[in-house]
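Let me begin by presenting the structure, written as structure tokens, before commenting on it.
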Amino acid sequence: MLALSMGFFSHLNAQETALYNAKMQLKADTNIQLTEAIFEDWKKIETTMLFGMTTQFVIPPTYRYNYLAFRGYYVFTTTGNGGFYDVSFKPFRVVRSEQKLIQKEIIPAFEAYLSTYVAENKELLSSLKANTTYYLPYSFKAVKPIEIVDQHGYFVPVVLEIPKK
Amino acid sequence: MLNQIRISSFYALMFFSCATIAQKSTLYNSKRQLKADTNFTLSELEMKEWEYLEASFMEMMVKNYEIPLICVENNVPFKGVFEFTYNGLGKFTLNQFHSLKLGDREQLLISSFINPNFEETLAAFAVNHSWLIERIKTKGLKFYLPFGFYFLNVEELVDSNGYLMPRVIQSPLIEQRR
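Those protein sequence lines, which keep their order, are chains A and B.
All the letters of the first sequence, read from the start, carry residue numbers 2 to 166 under our numbering.
All the letters of the second sequence, read from the start, carry residue numbers 636 to 813 under our numbering.
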């Protein structure tokens, strides 16, 4: 009973994030659920990770220039000394012909991004527990230039607020 | 009656033509006025050339214009109209940035960051799009580009399905190819 109560209250305490709901499940796929300890670690890095994915991650050219479907989530594991390993990508739809592109472009693009992220966030990452797996759902939306013009006729691209570390 | 139909068809055709012309530009209306500020008007020739350049210019601004870090770090949004001239030999020159708010602080930001960064973008555009502009031989064509930026929290880019979904501007070349 005590354990049940603790579990109940721990759920109440867990805060929803941009990618995870209050039950610590990935919003994009609720089959994936983090433990509280891992979730606490993830919360430390989520905002900076999303910021970097928007400003530094280089969308693979095959996808960028052809607007192919690119929806799924990255899976990666912490080394415990400020790094990551075992990067994979789980596509939203499993299309066999895309497997090669995933191996050749999608995963290397994320690995390249991670190496930059690791270099810039050493202190933050060194506090993460070792051998824990994280999930990052990612996609992108192609918009026409006209969609970036506001109602007053100004061309107004969006700039991201710098997250507080 | 037949005449009336013909006249109606004529007006319909005229309207359609005007609408088609107007659709060519995202930033200018059918009177060649800047939608953001109708005080800025292009000549017919300027408008014709601008229509070729507009989509590429907008893509270039998204990819190359460096939003001043001082504005990003202090959450200072900006809005105004860049006025620039083409010299007929593949080079653009910034004349001025027209902005509504012009206090001392804004003037300093404009002269130190907003304008130099735009000049860099103009130079990069002239190099990367030389194939597009080298056909323009007329000297002194003046163009206006309304531009601004606002700030968004990264969490706002996560869609309703829980995916991080940044916006990527479509390349005008791909649009033309389709």
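No residue lacks a Cβ here, since even glycine has one placed at the ideal position from N, Cα and C.
Bear in mind the structure is a predicted one, so any value in this text is a computation, not a measurement.
For this session: Find the residues of chain A that neighbour Glu708/B, judging by a C-beta separation of less than 7 Å, and give them in chain order.
Result: In the second sequence, residue 708/B corresponds to position 73, counting from 1. In chain order: Ile163.
For this session: Take the Cβ of Phe10/A as the centre, count every other Cβ of all protein chains shown within 10 Å, and call the residue buried at 16 or more, exposed below.
Result: Within the first sequence, numbered from 1, the residue matching residue 10/A stands at position 9. Because the pLDDT at Phe10/A is just 40, under 50, the model does not fix this residue reliably, and the value given afterwards should be weighed accordingly. Exposed is the call here.
For this session: Could you name the residues of chain B that Gly83/A contacts, counting a contact when the two beta carbons are closer than 8 Å?
Result: Against the first sequence, residue 83/A aligns to sequence position 82. Those do not exist, as Gly83/A stays about 22 Å from chain B at its closest Cβ, beyond 8 Å.
For this session: Determine the closest residue to Tyr114/A out of Gly84/A, Phe93/A, Gln16/A, Pro158/A, with distance taken between C-alpha atoms.
Result: For this step, residue 114/A is matched to residue 113 along the first sequence. Ranking Gly84/A, Phe93/A, Gln16/A, Pro158/A by CA distance to the CA of Tyr114/A puts Gly84/A first.
For this session: Taking 8 Å as the threshold, find out whether the segment 132-148 of chain A comes into contact with the segment 72-87 of chain A through three or more Cβ pairs.
Result: Yes, they touch.
Exercise. Name the chain B residues that come within less than 7 Å of Ala29/A, Cβ to Cβ?
Worked result: Translated into the one-based positions of the first sequence, residue 29/A becomes position 28. Ordered by position in chain B, the residues that pass the 7 Å Cβ test against Ala29/A are Asn796, Gly797, Tyr798.
Exercise. Which stretch, first to last residue, makes up the alpha helix (DSSP H) that contains Thr49/A?
Worked result: Stepping through the first sequence from its first residue, residue 49/A is reached at position 48. Element bounds for Thr49/A: 37-56.
Problem set entry | Sub-7 Å separation of Ala23/A and Glu790/B beta-carbons | Walking along the first sequence from the start, residue 23/A turns up at place 22. Walking along the second sequence from the start, residue 790/B turns up at place 155. It is not a contact, given that the beta carbons lie outside the stated cut-off.
Exercise. Hey, how far is the Cα of Val711/B from the Cα of Asn752/B?
Worked result: In the second sequence, counting from the first residue as 1, residue 711/B sits at position 76. In the second sequence, counting from the first residue as 1, residue 752/B sits at position 117. Looking at the two C-alpha atoms, the distance is approximately 16 Å.
Problem set entry | Glu689/B versus Leu704/B, Asn796/B, Phe782/B, Phe748/B, residue with shortest Cα-Cα distance | If you number the second sequence from 1, residue 689/B lands on position 54. In this structure, Phe782/B is the residue among Leu704/B, Asn796/B, Phe782/B, Phe748/B with its C-alpha nearest to the C-alpha of Glu689/B.
For this session: Quick one: list the residues of chain A neighbouring Tyr785/B, beta-carbon separation under 8 Å, in chain order.
Result: The residue you call residue 785/B lines up with position 150 of the second sequence. Within chain A, the residues near Tyr785/B are Val157, Val159, Val160.
For this session: Kindly list the residues whose CB is nearer than 6 Å to the CB of Glu701/B, restricted to its own chain and excluding five residues on each side of it in sequence; keep chain order.
Result: The count along the second sequence starts at 1 and reaches residue 701/B at position 66. Asn752.
Problem set entry | Cβ-Cβ distance between Gln668/B and Thr676/B below 7 Å | The residue given as residue 668/B occupies position 33 in the second sequence. The residue given as residue 676/B occupies position 41 in the second sequence. The criterion of a C-beta distance shorter than 7 Å is satisfied by Gln668/B and Thr676/B.
Exercise. For Glu718/B, which of helix, strand or coil comes out of DSSP?
Worked result: The count along the second sequence starts at 1 and reaches residue 718/B at position 83. Glu718/B falls in the strand class under three-state DSSP.
Exercise. Just the Cα atoms here: how many angstroms apart are Ser89/A and Glu755/B?
Worked result: In the first sequence, counting from the first residue as 1, residue 89/A sits at position 88. In the second sequence, counting from the first residue as 1, residue 755/B sits at position 120. Straight-line Cα distance between these residues: approximately 39 Å.
Exercise. Among all the DSSP beta bridges, which residues are the ones paired with Ala143/A?
Worked result: Locating residue 143/A in the first sequence gives position 142, counting from the first residue. Its beta-bridge partners are Val803/B.
Problem set entry | N- and C-terminal bounds of the beta strand (DSSP E) containing Thr78/A | For the purposes of this step, residue 78/A is taken as residue 77 along the first sequence, with counting starting at 1. Here the beta strand (DSSP E) through Thr78/A covers 73-79.
Problem set entry | Beta-carbon contacts of Ser734/B that lie in its chain and below 6 Å, excluding the five residues immediately before and after | Within the second sequence, the letter at position 99 stands for residue 734/B. Gly715, listed in sequence order.
Problem set entry | Members of the segment 28-61 of chain A near chain B, C-beta cut-off 7 Å | For the segment 28-61 of chain A, which is checked against every Cβ of chain B, the residues closer than 7 Å are Lys28, Ala29, Thr48, Leu51, Phe52, Met54, Thr55, Ile60.
Exercise. Alpha carbon to alpha carbon, how far is Ala759/B from Ser691/B?
Worked result: Position 124 of the second sequence, counting from 1, holds the residue named residue 759/B. Position 56 of the second sequence, counting from 1, holds the residue named residue 691/B. Put simply, the backbone Cα of Ala759/B is about 12 Å away from that of Ser691/B.
For this session: Return no unless some Cβ of chain A is closer than 7 Å to the Cβ of Pro801/B.
Result: Locating residue 801/B in the second sequence gives position 166, where the first residue counts as 1. Closer than 7 Å: yes.
Exercise. Smallest Cα separation from Leu757/B: which of Leu729/B, Leu776/B, Lys777/B?
Worked result: Working through the second sequence from its first residue, we reach residue 757/B at position 122. When each option's Cα is compared against that of Leu757/B, the closest is Leu729/B.
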